[in-house]
Ligand SMILES: [Zn+2]
Ligand SMILES: [Zn+2]
């Protein structure tokens with residue numbers, strides 16, 4: 002496994018398999034803006050079996066989404082960087098905060114969602130699928146998981 006990432010302080014590190022950067026989707030919703038303190042979140046969907054924490058032990062923060070699903074958020078207990086989460090509505094996968102990957106400068110965004118909340122100054126590239134709100138499940142999985150499904 003050679004794709005790795007971790008929190009700001011280095012107390013928690015993780016690795017992904019296979020050794021290819023996963024595509025990411027960007028969510029422009031208000032919750033993501035508030036939670037990241039930024040314009041949007043960048044996330045990669047990785048099979049649970051292809052994800053491993055290699056250093057440290059993340060702290061769990063659990064919440065119930067508006068939809069009723071349980072979101073389990075894993076953060077560094079020291080610097081409080083949010084690293085990844087699982088969701089009861091989406092078994093078997095881990096959603097990685099892609100900005101925590103070491104190679105975050107090489108990420109490819111394949112999908113934008115909740116663009117109706119997008120910051121007005123942000124211009125999205127043409128040809129990348131985008132949705133006003135959430136993407137339909139099938140389209141979402143095809144774009145972010147592709148042949149890894
Ligand atoms: Zn940390
Ligand atoms: Zn969002």
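Residue numbers (our numbering): 2 to 150.
Think of the CB as a built atom: it goes at the ideal place given N, C-alpha and C, for glycine as much as any other residue.
Straight-line CA distance for residue 208 to residue 129?
Missing from the structure shown is residue 208; the chain here goes from 2 to 150 and no further.
What is the DSSP secondary structure of residue 149, reduced to helix, strand or coil?
helix
I'd like to check one pair, residue 27 with residue 118: are the Cβ atoms closer than 9 Å?
no
Assuming residue 34 is part of the alpha helix (DSSP H), what are its boundary residues?
31-37
Smallest Cα separation from residue 116: which of 17, 41, 21?
Minimum Cα distance to residue 116 is reached at 41.
For residue 140, which of helix, strand or coil comes out of DSSP?
helix
Report yes or no: do the stretch 97-104 and the stretch 126-141 share at least 3 C-beta pairs separated by less than 8 Å?
Short answer: they don't touch.
Can you grab the Cα-Cα spacing for the pair residue 20 / residue 50, in whole Å?
Between the alpha carbons of residue 20 and residue 50 lies a gap of roughly 14 Å.
Residue 29: beta carbon under 8 Å from a heavy atom of ligand 2?
yes
Using the C-alpha atoms, what's the distance from residue 69 back to residue 108?
31 Å
Cβ atoms of residue 80 and residue 33: under 9 Å apart, would you say?
no
Beta-carbon contacts of residue 2 that lie in its chain and below 6 Å, excluding the five residues immediately before and after
The pLDDT assigned to residue 2 is 49, lower than 50, so where the model puts this residue is not dependable, and the model offers no usable value.
Can you list, in chain order, the residues of its chain whose CB lies under 6 Å from that of residue 88, leaving out five sequence neighbours each side?
Non-local beta-carbon contacts of residue 88 in its own chain, meaning distances under 6 Å to residues more than five positions away in sequence, involve 70, 72 in chain order.
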